[in-house]
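Notes follow once the structure below has been shown.
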Amino acid sequence: MSNLSRSKLWQFSKKIHEEIHFQTQLATGISTKVETIEKYEKNLKSQRRLALLGGLFICYILGVVTILPVMGILQLFSIDITSSNFTAIVFTNSLILSIYNMYILFILFMAGLMNYVTFMRGDYFKLLRPLPLSSRDMTQLTFYVFFRMNAIQLTFILFALPVVGLILTLSPLTFFILLLNNLINLGFIVPVLIIVAWILAQKVFNKAEKSPIGPIITVLTMVVYILTVIPIFFLMSSFYHIINQLFNSTLITGKINQKINFLLSLIPFPFSSNYLTTLVLLLPSGSISFPLTLQSVFGVCILLSFIVVAFRKGSSLIQKLAFEPAIERHKVFSEKDVVIQVKTSTPVVTFMKKTLTMVFRDYGALTLFVLGLLMPLIIFMYSFAMPERYIGSDRGTLWFIITMLVFLVGFQIFILYNSLRLSERNLGGLLSTLPFKERDLFRSKQFIISIACLLPILFFFLLFQEFMTIGMLYALIKIFFVNIITVYVFLILHAFFFGKINNRYTFTIENIENQIRKWIAIFVGLYSIILGYFKLTEIISESILRNWEIGFIILTGMILTSLLELITKRMFV
Amino acid sequence: MELVLIVNNLKKSFGSVKAVDGLSFNVKPGEIYGLLGPNGAGKSTTIKSILGLLEINSGYISVFGDDPIKTPSKVKKNIGYVPEEFSLYESMTVAELLNFVASLRALDPQITSLDADELLKSLNVKKYYDSLIASLSHGNKQKIQIICALLHRPKLLILDEPFSGLDARSSAILKELFQIHINNGGSILFSTHIMEQAQILCTRIGIINQGKMVAEGKFEELQELAQSAGATLEEVFLKLTDQEEVTNGIIANLKRLTGKT
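So the protein lines, in turn, are chains A and B. Mapping the first sequence onto our numbering, position 568 (from 1) lands on 568, and the numbers just tick up by one. Mapping the second sequence onto our numbering, position 13 (from 1) lands on 13, and the numbers just tick up by one.
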């Protein structure tokens with residue numbers, strides 16, 4: 001069988017890369033299947049653009065993270081190094097570089113997780129197997145696809161820090177040392193990612209099998225991702241202070257035990273190569289520690305041997321993709337011990353069970369659901385990370401959080417609702433053939449979203465009850481009613497604009513014509529009611545019923561809720 | 001004798017495309033009515049309209065005397081529907097799906113367990129009871145759809161291409177299930193592309209083309225109508241839907257092409 005030229009294979013790999021990206025979009029459910037296919041049909045270039053934008057976004061995050069080691073290097077070259085502070089400086093800079101490498105591993109993994117898993121499933125190579133391609137071609141093609149998936153990020157990681165280092169120090173030595181360090185670290189990170197993705201593709205995200213740990217890992221990864229990547233821009237502003245403090249505190253105390261350095265420099269990843277890099281960067285200043293350098297070299301040698309092993313394993317897994325699918329297990333099924341026991345429950349509980357089961361088994365839906373749940377938590381994090389001048393005081397922080405909770409509720413409901421409907425919109429067919437009351441479906445969505453929205457308030461109350469003023473307590477009661485009312489209004493308006501069929505309102509069919517206008521109308525409606533409720537309670541309680549404020553807040557909330565309940569009963573039969 | 005299903009002068013357009021254009025037919029008790037037509041003839045649109053899943057432009061539909069547009073829930077209680085495309089929740093297990101369907105149909109758990117056991121065994125899918133639907137083969141998914149449609153012992157079964165993907169054993173069992181359903185006083189409306197099955201199974205056949213009823217009646221009546229005594233249903237179908245000449249032309253071209261290679 002003749003071999004194809006490398007340029008042909010390279011061109012060919014582009015198509016497979018685009019297909020993997022497309023399939024990942026479908027699998028993650030960020031857009032629904034129909035929406036993604038429609039977009040793809042309309043504009044074939046959109047996939048390429050999306051893949052490129054995805055890569056650039058990761059580079060942007062990586063660029064922000066690169067500030068961390070750059071700060072470290074700046075400090076390294078601006079401090080007078082003496083024998084008394086040498087140990088502390090080596091420790092601090094090596095630690096910063098190691099944190100940077102861990103961050104890279106984390107970001108590459110989190111941002112590319114689904115792409116890696118899709119790739120490691122190997123389904124896309126099935127189509128190629130019957131084609132007259134030699135085994136050499138297939139192997140090369142697989143590697144090219146993998147390279148295409150990571151080209152932008154890896155090139156950025158490899159060169160960003162060395163180039164910045166070169167610009168800041170004008171020293172080619174700095175450039176080459178940082179480049180070599182990055183090469184070693186990436187040499188370890190990339191095969192590790194491949195191996196982990198292989199395991200995940202088989203054990204966790206294997207759609208053919210129900211993995212109990214799948215949802216747990218997905219939730220955990222999403223929680224960590226949301227809590228770290230999204231606030232990264234906010235946290236980075238604090239990096240400068242953190243690094244300054246780290247340098248200052250270690251230099252002032254100067255009590256970094258030599259033993260810590262010896263111990264850490266022996267840990268191959270992420271410490272050894274970063275210790276060695278720091279020591280080499282300090283060479284021009286005339287400071288050197290032979291025992292520590294020897295230890296670091298020893299650690300790097302161990303790391304290199306790990307790299308060889310991981311690289312071989314990673315390569316063999318990638319090669320395997322070209323010839324055999326990653327997950328094709330033949331389970332032997334037997335009906336011997338199967339007991340058929342149909343269990344029924346009330347329609348509302350049935351819908352809630354179904355929705356939550358599907359959300360927890362769908363990566364895209366779960367991502368949105370967790371994001372919706374955690375939105376207020378991110379606000380808490382920002383609030384406490386913000387400098388005092390913006391907030392004023394602890395009490396100011398609490399008021400800031402309360403305001404944000406009100407502002408966020410509409411978006412939170414929007415995200416939560418979308419997470420619940422993703423699976424439904426793709427496969428609404430079965431549901432629309434069953435005889436159920438639309439009100440039960442409404443109720444199930446209302447329960448899930450309301451509970452998800454009220455959890456942060458409960459969390460907030462339990463955490464800060466000691467610092468609460470009576471005004472804050474009243475505000476929280478208002479937010480409680482605002483949440484309940486907003487969920488009602490959102491679901492009513494959604495069905496009104498999107499789900500009208502045969503003079504009925506439904507959640508199973510969606511008329512997506514003019515959807516931007518419809519969404520604007522929904523949000524205008526939502527926020528008018530939220531602000532209206534706040535203003536009304538404020539005006540009346542301040543003017544007429546000052547002594548009865550709490551009673552009035554509850555009464556107004558209950559009247560509005562009852563009104564909405566009446567509308568619900570009329571709309572959904 | 002009350003008719004099970006009445007479709008009268010049904011019209012449904014999607015934009016400028018007339019999917020169904022004045023279609024009328026009915027299904028009698030104890031009857032298997034076959035709805036045949038080429039791709040895009042309007043079969044699925046008709047079936048979805050019967051279930052109240054589409055907003056129709058005009059016409060009248062009645063299922064056991066109920067209007068699917070005004071009382072969709074009541075109509076759906078009496079119907080078991082197997083769609084052409086899979087509409088199962090693939091991230092559920094078979095057990096979870098059956099619980100879901102039984103709960104929404106408010107079925108008795110004990111009786112339904114026995115029924116489900118029998119159906120799962122008959123169609124050879126009992127062993128997949130705890131498997132995710134996503135992991136099942138095309139044919140097994142089809143069997144699960146059929147079981148979901150039969151679980152509540154409906155009076156009217158509506159099946160869109162029910163034999164698609166089924167193995168020989170399951171096809172035979174499904175035909176038997178049809179017969180049992182009819183013997184128990186039920187009725188069936190089904191659409192298919194497999195003419196042999198329609199010829200064997202159907203009491204009456206309606207052939208639709210471009211949203212209109214082209215011919216309707218027993219198989220022998222259709223043969224007469226097409227003036228093709230002794231012809232198969234496939235030949236009658238091609239003739240009545242004006243596809244005979246085109247098909248013969250394509251076959252002749254293909255023969256030439258095969259001759260060249």
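Yeah, the Cβ is synthetic: ideal placement off N, Cα and C, and Gly gets one too.
Interface residue (Cβ-Cβ distance to chain B less than 8 Å): K354 (chain A) is classified as such.
Y60 (chain B) carries a strand assignment under DSSP once its states are collapsed to helix, strand and coil.
Among the bridge pairs identified by DSSP, M213 (chain B) is matched with B:I208. Distance from the CA of Q153 (chain A) to the CA of L186 (chain A), rounded to the nearest whole angstrom, comes to 11 Å. Within chain B, no C-beta atom comes less than 8 Å from the C-beta of F447 (chain A); the nearest is roughly 16 Å away.
Put simply, of A:I540, A:H494 and A:E542 the residue whose alpha carbon is nearest the alpha carbon of I520 (chain A) is A:H494. Residue environment analysis places K126 (chain A) among the exposed positions, since fewer than 16 neighbouring C-beta atoms fall within 10 angstroms of its C-beta. Counting other Cβ atoms within 10 Å of its Cβ, S170 (chain B) reaches 16 or more and is therefore classed as buried. With a cutoff of 8 Å on beta-carbon distance, S334 (chain A) and K127 (chain B) are scored as near each other. According to the DSSP secondary-structure assignment, G34 (chain B) is paired through a beta bridge with B:F190 and B:I205.
For V101 (chain B), the C-beta contacts it makes with chain A under 7 Å involve L434, in order along the chain. One finds G52, E55 and I69 in chain B with Cβ atoms closer than 7 Å to the Cβ of N502 (chain A), taken in chain order. Short of 6 Å from the beta carbon of L454 (chain A), and not among the five residues preceding or following it, lie these beta carbons of its own chain, in chain order: N483. A residue is called buried once 16 or more other Cβ atoms fall within 10 Å of its Cβ, and I107 (chain A) is buried on that count.
For S13 (chain B), DSSP records a beta bridge to B:K18. Annotated three-state conformation of I509 (chain A) is coil, per DSSP. The DSSP-derived three-state label of T346 (chain A) is coil. Taking T355 (chain A) as reference, the option from A:G299, A:I318, A:L416 and A:F411 with the minimal CA-CA separation is A:L416. Cα atoms of F14 (chain B) and S24 (chain B): separation of roughly 19 Å, rounded to the nearest angstrom. Not a single C-beta of chain B is nearer than 8 Å to the C-beta of K313 (chain A). Scanning the region 412-463 of chain A for uninterrupted alpha helix (DSSP H) segments of 4 residues or longer gives 429-432, listed from N- to C-terminal end. Exposure of V17 (chain B) is indicated by the presence of fewer than 16 other C-beta atoms within 10 angstroms of its C-beta.
For P83 (chain B), the neighbours in chain A by C-beta distance under 7 Å run, in chain order, G429.
At a cut-off of 8 Å between beta carbons, D117 (chain B) contacts chain A. When Cβ-Cβ separations below 8 Å define contact, R361 (chain A) makes contact with chain B.
By the rule that beta-carbons nearer than 8 Å mark a contact, M92 (chain B) touches chain A. Interface annotation, K77 (chain B): in contact with chain A, CB-CB separation under 8 Å. Take the alpha-carbon of N511 (chain A) and the one of K353 (chain A): they are about 26 Å apart.
Residue pairing by DSSP places V94 (chain B) in no beta bridge whatsoever.
With a cutoff of 8 Å on beta-carbon distance, I208 (chain B) and K43 (chain B) are scored as near each other. Distances from the CA of K12 (chain B) to each of B:I50, B:P29 and B:L157 were compared; the closest alpha carbon is that of B:I50. Counting every other CB atom within 10 Å of its CB across the protein chains shown gives T45 (chain B) a total of 16 or more, marking it as buried. Rounded to whole angstroms, the gap between the alpha carbons of H152 (chain B) and T142 (chain A) is 50 Å.
Secondary structure note for L183 (chain A): it is in no beta strand (DSSP E), and the uninterrupted alpha helix (DSSP H) holding it is P172 to I199. With respect to V342 (chain A), A116 (chain B) sits close: the two C-beta atoms are nearer than 8 Å.
Segment contact: the region 291-299 of chain A against the region 260-272 of chain A, three or more CB-CB distances shorter than 8 Å; contact assigned.
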